[in-house]
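Residue numbers (the numbering used here), protein chains in the order written: chain Z, 154 to 304; chain L, 23 to 776. Ideal Cβ placement from N, Cα and C applies to all residues, glycine included. Predicted model, so just to flag it, every value in this text is computed and none were measured. A short worksheet on the structure shown next.
This is the structure:
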């Protein structure tokens, strides 16, 4: 049995502990905001926070989660008004929206560690998150706005 | 769709670029025509006042608007309702948007060809205007004043003279008793009174997206549902020779395997065949699949080798071929012995790679099927599912989720048909989820192409004769087995509509075999046709030592409406009537001129690894000019600091979404040009995921894309696709300006730029 929390709620998992966190979130908890994009840690659509750090949930076996704190897009803020989420809305970042939960989780993690990121910091932190619609310019602008608001 | 045997061009156009008679007729259909009860009633249907299939109003004032076109990121789910709400003078905050199921009562639903606004702008105006007229009549009757004295304002009818006002909701019961006005009986608002159309409007789903609540195809769960992961035949048309599924069945959670029939040609949108692993979870299905041992029977497509194929394609395009357009006499001009330029361009296969891979849920029981799918075309889902199950189309209900990207891929509902076949066999709801590897290896690919250009030029470098010729495995092959020649529309996208003012023009097209499924990808054959034509135009400019923009304007001449008919071209014009949406090269000139002004064109001397390139292209009835700025490092790494996109798409409904489409198209174009390549060996696709089919990322995407609109009162036209083609050529032209190296092949990774 692996015990951990997801968005503050205790979870115990019994079963194939090699299963990535992604599928536990989606199929078992029905927290579908965390997306399947590549299954190989190449696109970032499945990004969640584990103990506050952005992690690819498709590459995170459940066995590694003992006593960890998992936060998904659904738990990023109680009311959907985290500064990053607000900035995303004000820039109308999303086109199809599929990758954006992962982008937001990645950006929120970046701002925790680097409160006012440079373009280079943003490139480095966000290069692992693909947006096929091509919203990168707005993502960059939204991150900068969120940084200002947090400052 | 199984009935398509003889793919005549006209027939095909009806299927793919509809907007034909039916859509025109359905724009203003009064309710009474819909004798049959819809399979699923919308809130709009059930609303007390329901003057249109697209719109209903409740007595509490809530306005329901149905979007029947699919939301894949263009913002159409917001933009079409804006059109209706504006005519209604509705309070946007009181509008609820709902997604229509697949149903012919809405007219065409194939959300491709960048034509949702173009084809349904008037229908949605009519829906809003009809409701508004009925509410006004109801208020006028209650006040006992002429309707002409009443106006509307923000969800109320107003009688100016007496200062009386009535809320829409309060008028609904009386308005619902009135006849629905026919087309032509209601007046649309003048542009000066528009409140929503033309305003920056946030998309309806934005908050749900940023909180993870938005529902895509992968997010559908049904009671008792099982999960399927399918190993497809590695070579197109292959079948299972032998299967050992012991290892798969030993995986915890795996319930069984199902061998699927391979399609009978043409493949259309039928399942590919293969072996499905059925399990209690997605993960178990995927794990089980890895344990399958399958021997395949390959088909002759197993001989497909990209490198040899490329050589053949380039050979084909360098030989005379079928004439698709002829103006004057290029041969006579070439015979005069003047200066001649020629060049051959090449672009590879590419994958759509939408972030959400294909996925669908089907529940088949009692001879009826219900499907939930991220589809661009729910009516095609109905067709494909009914064909594969042998049931009536009316017994297939297709619910449309949000689409996690699509770009043309999700117009082809093979994945929904797979779910339906499995659900029927298993007697329970089934979710099919493609892996990224499945998506990259079994796409309906953007085709590979070779394009040849030859021109004789006068003393100023201006062409006196221009011959161009393309060859590519055609989309036609998806509809007719072994088809080697494109359907007419494939040439109408950038080949026969070369807009330049040259006295002698001939366009030709040569045959090519398809060994993988070929489909339409954002902007379709415009991409390679435009890349080649506008690169070649730039080659001519540079050969003459002239400024590229000045040369292009000269090449376009003073501007006019092209008369292609007299040149032997039956031009399909994206399914739009030519008299209303002609090729007007004055508009092409205008976007170029604005691009020159807004991009800072000509202000800095190119060279030493820095340069700008320009190109303009009309596609989907829309005119776009692109200026691309590049920096090429000594190692040959291309950076794109800035792109300017100038757009004339007629009336703009939601400027912010048009801008976002132009931004996204620029990013996609740069990614495609830089690394977008699919290749095959032994008929098997070599690439598998985002590590080897690379798309643009934050750190290598254009840093800044500026979008400029040409103000226009022309009819609204497409915006989803036209932003892509000119960027490809402008990028190549910029690299030439920066380095002196001409890009004749994509992707850029295939050549040395330093």
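From the options, residue whose alpha carbon lies closest to that of residue i
| i | options | result |
| --- | --- | --- |
| residue 295 of chain Z | Z:276, Z:238, Z:254, Z:273 | Z:238 |
| residue 301 of chain L | L:285, L:374, L:275, L:400 | L:275 |
| residue 509 of chain L | L:522, L:520, L:524, L:493 | L:493 |
| residue 691 of chain L | L:110, L:601, L:667, L:706 | L:667 |
| residue 478 of chain L | L:570, L:361, L:393, L:711 | L:361 |
| residue 258 of chain L | L:536, L:114, L:177, L:412 | L:536 |
| residue 481 of chain L | L:511, L:444, L:567, L:243 | L:567 |
| residue 364 of chain L | L:698, L:449, L:339, L:88 | L:339 |
| residue 320 of chain L | L:296, L:308, L:170, L:222 | L:296 |
| residue 15 of chain L | L:581, L:577, L:519, L:305 | Absent from the structure is residue 15 of chain L, since the part of chain L shown begins at 23 and ends at 776. |
| residue 223 of chain Z | Z:215, Z:236, Z:202, Z:242 | Z:202 |
| residue 662 of chain L | L:613, L:763, L:727 | L:727 |
| residue 92 of chain L | L:422, L:385, L:271, L:401 | L:422 |
| residue 632 of chain L | L:664, L:311, L:447 | L:664 |
| residue 385 of chain L | L:716, L:395, L:376, L:379 | L:395 |
| residue 580 of chain L | L:559, L:550, L:562, L:612 | L:612 |
| residue 216 of chain L | L:108, L:644, L:610, L:366 | L:108 |
| residue 220 of chain Z | Z:261, Z:164, Z:168, Z:233 | Z:164 |
| residue 486 of chain L | L:559, L:65, L:61, L:472 | L:559 |
Span separating the alpha-carbon of residue i from that of residue j
| i | j | result |
| --- | --- | --- |
| residue 150 of chain L | residue 77 of chain L | 7 Å |
| residue 101 of chain L | residue 675 of chain L | 6 Å |
| residue 53 of chain L | residue 208 of chain L | Any answer about residue 53 of chain L is weak, because its pLDDT of 41 lies below 50 and its placement is not dependable; what the coordinates show is given next. Distance between the alpha carbons of residue 53 of chain L and residue 208 of chain L: 16 Å. |
| residue 398 of chain L | residue 131 of chain L | 8 Å |
| residue 79 of chain L | residue 192 of chain L | 11 Å |
| residue 370 of chain L | residue 470 of chain L | 4 Å |
| residue 342 of chain L | residue 458 of chain L | 40 Å |
| residue 748 of chain L | residue 121 of chain L | 33 Å |
| residue 709 of chain L | residue 297 of chain Z | 35 Å |
| residue 117 of chain L | residue 230 of chain Z | 27 Å |
| residue 671 of chain L | residue 738 of chain L | 6 Å |
| residue 294 of chain L | residue 280 of chain L | 13 Å |
| residue 357 of chain L | residue 602 of chain L | 39 Å |
| residue 256 of chain L | residue 438 of chain L | 20 Å |
| residue 600 of chain L | residue 590 of chain L | 15 Å |
| residue 684 of chain L | residue 592 of chain L | 29 Å |
| residue 740 of chain L | residue 549 of chain L | 16 Å |
| residue 160 of chain L | residue 70 of chain L | 14 Å |
| residue 225 of chain L | residue 94 of chain L | 12 Å |
| residue 306 of chain L | residue 540 of chain L | 32 Å |
| residue 772 of chain L | residue 765 of chain L | 10 Å |
| residue 317 of chain L | residue 269 of chain L | 15 Å |
| residue 416 of chain L | residue 404 of chain L | 8 Å |
| residue 140 of chain L | residue 105 of chain L | 12 Å |
Outcome for residue i when other beta-carbon atoms lying within 10 angstroms are tallied against a minimum of 16
| i | result |
| --- | --- |
| residue 608 of chain L | exposed |
| residue 284 of chain L | buried |
| residue 641 of chain L | buried |
| residue 156 of chain Z | exposed |
| residue 195 of chain L | exposed |
| residue 300 of chain Z | buried |
| residue 570 of chain L | buried |
| residue 445 of chain L | buried |
| residue 337 of chain L | exposed |
Residue i Cβ short of 8 Å to the ligand GDP heavy atom set
| i | result |
| --- | --- |
| residue 491 of chain L | Here there are no bound small molecules, and the ligand GDP is not part of this structure. |
Within chain A, the residues that residue i reaches when beta carbons sit closer than 9 Å
| i | result |
| --- | --- |
| residue 458 of chain L | No chain A appears in this structure, whose protein chains are Z and L. |
- At which residue ranges does the region 485–548 of chain L contain complete beta strand (DSSP E) runs of 3 or more residues, listed in the order of the chain? Within the region 485–548 of chain L, the beta strand (DSSP E) runs of at least 3 residues that lie entirely inside it are, in chain order, 485–493, 526–532.
- Task: Pair every Cβ in the region 338–350 of chain L with every Cβ in the region 523–538 of chain L, then say whether three or more of these pairs are closer than 8 Å.
- Result: At 8 Å Cβ cutoff, the stretches touch.
- Can you check the region 65–122 of chain L for any alpha helix (DSSP H) of at least 4 residues that lies completely inside it and give the ranges in chain order? Listed in chain order, the complete alpha helix (DSSP H) runs (minimum 4 residues) inside the region 65–122 of chain L are 65–68, 98–110.
- beta strand (DSSP E) runs contained entirely in the region 218–286 of chain L, provided each spans 3 or more residues: Counting whole runs of 3 or more residues, the region 218–286 of chain L contains the beta strand (DSSP E) stretches 248–253, 261–266, 276–282.
- Message: Report the start-end ranges of each beta strand (DSSP E) in the region 403–453 of chain L that is 3 residues or longer and not cut off at the edges.
- Response: If only complete runs of 3 or more residues are kept, the region 403–453 of chain L shows the beta strand (DSSP E) at 418–422, in order along the chain.
- Message: So, does the region 321–337 of chain L touch the region 690–704 of chain L, judging by three or more C-beta pairs under 8 Å?
- Response: Enough Cβ pairs lie closer than 8 Å, so yes.
- Query: Are the region 608–628 of chain L and the region 499–507 of chain L touching by the rule of at least three beta carbon pairs closer than 8 Å?
  - Reply: Not touching, per the Cβ criterion.
- How do the region 250–270 of chain L and the region 299–315 of chain L stand: do at least 3 beta-carbon pairs fall below 8 Å, yes or no? Enough Cβ pairs lie closer than 8 Å, so yes.
- Task: Ignoring anything shorter than 4 residues or poking outside the region 589–646 of chain L, list the alpha helix (DSSP H) runs there in chain order.
- Result: Listed in chain order, they are 607–621.
- Query: Counting pairs of Cβ atoms below 8 Å between the region 163–173 of chain Z and the region 253–265 of chain Z, do you hit three or more?
  - Reply: Contact between the region 163–173 of chain Z and the region 253–265 of chain Z is absent, because fewer than three Cβ pairs lie under 8 Å.
- Task: Please go through the region 203–264 of chain Z and give each complete alpha helix (DSSP H) segment of 4 or more residues, from N-terminal end onward.
- Result: Look at the region 203–264 of chain Z and you find these whole runs of alpha helix (DSSP H), each 4 residues long or longer: 236–243.
- Item | Every unbroken beta strand (DSSP E) within the region 134–176 of chain L, with a cutoff of 3 residues, ordered by chain | Uninterrupted beta strand (DSSP E) stretches at least 3 residues long and entirely within the region 134–176 of chain L occur at 172–175, given in chain order.
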